[in-house]
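J.:
2 protein chains.
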Amino acid sequence: MDKFLININGELFNEEKAKISVFDRGFLYGDSVYEATRTFNRIPFRIQHHLDRLFFSAQKIELELTYSRKEILELILQTIKASPHNDIFLRIILTRGTNIDLGLDPELSSKNNLIIITKAITPNPDWWLTKGLSMIFHNKKSSERGPLPKTGKYLENILAYKDATEKGAFDSIMVNTAGHVTEGTTSNIWMIKDNIIYTPSLQDGVLDGLTRKTLIQMADRNNLMLQEISLTQEDFLGADECFITSTTRNLVPVTIIEGRPVGNGLPGKKTLELLKMYLEFVSLQ
Amino acid sequence: MDKFLININGELFNEEKAKISVFDRGFLYGDSVYEATRTFNRIPFRIQHHLDRLFFSAQKIELELTYSRKEILELILQTIKASPHNDIFLRIILTRGTNIDLGLDPELSSKNNLIIITKAITPNPDWWLTKGLSMIFHNKKSSERGPLPKTGKYLENILAYKDATEKGAFDSIMVNTAGHVTEGTTSNIWMIKDNIIYTPSLQDGVLDGLTRKTLIQMADRNNLMLQEISLTQEDFLGADECFITSTTRNLVPVTIIEGRPVGNGLPGKKTLELLKMYLEFVSLQ
């Protein structure tokens, strides 16, 4: 069974055949927005929230939509149905379209390109839960604020990820120009101190993650103490526990930051409780 | 005769057939660098300088090269030879390669993709010289400093261009977070005041344009007074003359900024002299 199945503007392709024009503005200029989600047993996770955010991102970069929300949803469902796998990761990419000429002018493309890449989900490695992850800090150069759109602009995160792996860490924790911690390169970040759960405020330039949002709801319904505030590197270095969240990976404990153990250096007890609670909460919905 | 001819990793394609994998990192993440140049009668303009800058950009984003400089040059020359046109624009795009899986990790691709898009050059419209261009200012959100690499990160320039055309202007003049003018969305920017030529310093976050560099050399050899310094919007609004430079468009006068005439509102006399001098200087080399 193929690991990948790709839908390009309604046509299905395998990995080798899935190609787009070099005049696509996503390729030429990073002029695209995207969403990433997964299925649980062929049901897409929080798909309406992902479509909300896709439209928010498109609006943020003034990307005029030539696909309706209904059409995009139908193409997603069509792709899930065609996949041989029950649990797949989906990357939904919407570009401003194929240029009829070179040039930045958005008017040079008349129709969006919609690409849905699906991939069979492989389970998280066991050691993520038994050992936890090691992270380093990465000081951002750009000073964007407020909830971020999900665009094709990825270079800073790629460099931050590369820097981490070269230093033997799992990933970087991004820090904005004001010195506030924001997120991982492809995850949201959390810490626990004195039984209170903390995560950086969206206003610090944080991606409004769907798993982040779900966890906040869950904490609210279960009367857990949770705060969205500005947090510094020192806050994280002094935390009792730390973890990341992402749609495909759920919650994963972080046990080392900048070479120093978080708490006792083992995956946090409360983190593992939250993971269990989260998996139940998600399957209940 | 086809307007476009595209070379992808050594194979030539027409516009319809020129496609790359949706797993190309340039498409997925904007993880690419590029150069833009032109030929004059089948001779590529300052190609060694462009290759220098391509390698500078690649190094800036830690893009490991799997093509040698010699191979890239040979592919460029092969494409120029195969083109039916004497005067072509070339966009040379080097991506980190095609991922074997989704994910930011650069190790997921083992081989760069090199795409050379060529396009027959159409001459500048006459009114550019007789009437000049109208521009507006665009305040940048990111705070990058120093000479910029040419990467796939284009969104801010696209929005600035879109904003300009929607307001009836030709293009935007970018202004950095320190309030200093930097460049156009696809050009360098210049002003003349009291017979001195000014252009923003590279340290303000300006692309090290090859036409910019050539003009500075020309001014030096002809003992023209020229300064590379930090310049404000007010400096430009109070200038006697203003113009932009780019490899395909040479020098083009700017006559209106933010709806107000520059000098007497006509293409500047010294600007037109510089253009004449530039065309002679370039053909002499």
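Line by line, the protein sequences are chains A and B.
With our numbering applied, the first sequence covers 1 to 285.
With our numbering applied, the second sequence covers 1 to 285.
Even glycine gets a Cβ: it sits at the ideal position worked out from N, Cα and C.
The model shown is predicted, which means the values in this text are computed figures rather than measured ones.
Nearest to Glu234 of chain B by CA position, among B:Lys276, B:Leu94, B:Lys60 and B:Ile257, is which residue?
T.: B:Ile257
J.: In chain order, what residues of the same chain have a beta carbon less than 7 Å from the beta carbon of Leu274 of chain A, not counting five sequence neighbours either side?
T.: Leu251
J.: Would you check if the stretch 170-185 of chain A and the stretch 127-139 of chain A touch, i.e. whether three or more CB-CB distances between them fall below 8 Å?
T.: yes
J.: Buried or exposed, going by whether 16 or more other CB atoms sit within 10 Å of the CB of Thr130 of chain A?
T.: exposed
J.: Could you tell me how far apart the beta carbons of Ile20 of chain A and Ile158 of chain A are, in whole angstroms, since I believe they sit closer than 8 Å?
T.: Not confirmed; about 20 Å, so no contact.
J.: Measure the beta-carbon distance from Gly30 of chain A to Gly263 of chain B and round it to whole angstroms, keeping in mind my assumption that it falls under 8 Å.
T.: Going by Cβ atoms, the distance from Gly30 of chain A to Gly263 of chain B rounds to 37 Å, so no, they are not a contact pair.
J.: Check Tyr29 of chain B in the structure and name its three-state DSSP category.
T.: helix
J.: Could you check the C-alpha separation between Phe13 of chain B and Thr118 of chain B for me, to the nearest Å?
T.: In this structure, the straight-line span from the alpha carbon of Phe13 of chain B to that of Thr118 of chain B is close to 11 Å.
J.: Which residues mark the beginning and the end of the beta strand (DSSP E) in which His50 of chain B is found?
T.: Taken as a continuous stretch (DSSP letters only), His50 of chain B belongs to no beta strand (DSSP E), being part of the alpha helix (DSSP H) at Ile47 to Lys60.
J.: Give the single residue among A:Leu102, A:Ile88 and A:Phe236 whose Cα lies nearest to the Cα of Thr122 of chain A.
T.: A:Ile88
J.: Taking the continuous beta strand (DSSP E) assigned at Met218 of chain A, which residues delimit it?
T.: Where Met218 of chain A is concerned, there is no enclosing beta strand (DSSP E), although the alpha helix (DSSP H) it sits in stretches over Leu210 to Arg221.
J.: Any idea what DSSP makes of Met277 of chain A, helix, strand or coil?
T.: Met277 of chain A carries a helical assignment under DSSP once its states are collapsed to helix, strand and coil.
J.: Give me the Cβ distance between Ser281 of chain B and Met218 of chain B, rounded to the nearest whole Å; I'm assuming they're in contact under 8 Å.
T.: Sequence check: residue 281 of chain B is Phe here, not Ser. That belief holds up - the Cβ atoms of Phe281 of chain B and Met218 of chain B are roughly 5 Å apart, short of 8 Å.
J.: For the stretch 154-168 of chain B, which residues have a beta carbon sitting closer than 8 Å to at least one beta carbon of chain A?
T.: Tyr154, Leu155, Asn157, Ile158, Leu159, Tyr161, Lys162 and Thr165
J.: Report all residues from its chain with a CB closer than 8 Å to the CB of Asp2 of chain B; omit the five preceding and five following residues, and keep chain order.
T.: Asn14, Glu15 and Pro84.
J.: Would you say Asp31 of chain A faces chain B, with C-beta separation under 7 Å as the test?
T.: yes
J.: For chain A, check one thing: does any of its Cβ atoms lie closer than 7 Å to the Cβ of Gly26 of chain B?
T.: Closer than 7 Å to some Cβ of chain A, the Cβ of Gly26 of chain B qualifies, so yes.
J.: How is the alpha helix (DSSP H) around Glu166 of chain B delimited, first residue to last?
T.: Leu155 to Glu166
J.: According to DSSP, is Thr79 of chain B part of a helix, a strand, or is it coil?
T.: Residue state, collapsed to three classes: helix.
J.: When the distance is taken between beta carbons, is Arg249 of chain A closer than 7 Å to Asn124 of chain A?
T.: yes
J.: When DSSP builds the beta bridges, which residues end up paired with Met135 of chain B?
T.: B:Asp171 and B:Ile257
J.: If we count the other Cβ atoms within 10 Å of its Cβ and call it buried at 16 or more, is Leu207 of chain A buried or exposed?
T.: buried
J.: Give the DSSP-derived three-state secondary structure of Asp24 of chain A in the structure shown.
T.: Asp24 of chain A falls in the strand class under three-state DSSP.
J.: Could one say the Cβ of Ala178 of chain B lies closer than 7 Å to chain A's Cβ atoms, at least one of them?
T.: no
J.: Would Pro106 of chain B pass as an interface residue toward chain A - the criterion being a Cβ-Cβ separation below 7 Å?
T.: yes
J.: Judging by CA-CA distance, which residue of A:Lys213, A:Thr232, A:Cys242 and A:Phe243 is the nearest neighbour of His50 of chain A?
T.: The residue from A:Lys213, A:Thr232, A:Cys242 and A:Phe243 with its alpha-carbon nearest to that of His50 of chain A is A:Lys213.
J.: Can you tell me whether Ser57 of chain A is buried or exposed? The criterion is at least 16 other CB atoms within 10 Å of its CB, across all chains shown.
T.: buried
J.: State buried or exposed for Ile197 of chain A, treating a residue as buried only when at least 16 other CB atoms are found within 10 Å of its CB.
T.: buried
J.: If you drop the 5 nearest sequence neighbours on each side, which residues of the same chain put their C-beta closer than 7 Å to that of Glu35 of chain B?
T.: His50, Arg53, Leu54, Ile92 and Lys150
J.: Can you grab the Cα-Cα spacing for the pair Thr182 of chain B / Phe243 of chain B, in whole Å?
T.: 13 Å
J.: In chain order, what residues of the same chain lie with their CB nearer than 8 Å to the CB of Arg69 of chain A, ignoring the 5 residues before and after it?
T.: Leu51 and Phe55
J.: At a CB-CB cut-off below 8 Å, which residues of chain A make contact with Thr62 of chain B?
T.: The identity of residue 62 of chain B in the sequence shown is Glu, whereas the question assumes Thr. The contacting residues are Leu159 and Lys162.
J.: Spell out the partners DSSP gives Trp127 of chain B in its beta bridges.
T.: According to the DSSP secondary-structure assignment, Trp127 of chain B is paired through a beta bridge with no residue.
J.: Can you tell me whether DSSP reads Ser230 of chain B as helix, strand or coil?
T.: Three-state result, Ser230 of chain B: coil.
J.: First and last residue of the beta strand (DSSP E) that includes Pro200 of chain B?
T.: Ile196 to Pro200
J.: Per DSSP, what are the beta-bridge partners of Glu71 of chain A in this structure?
T.: For Glu71 of chain A, which the question treats as bridged, DSSP gives no partner whatsoever.
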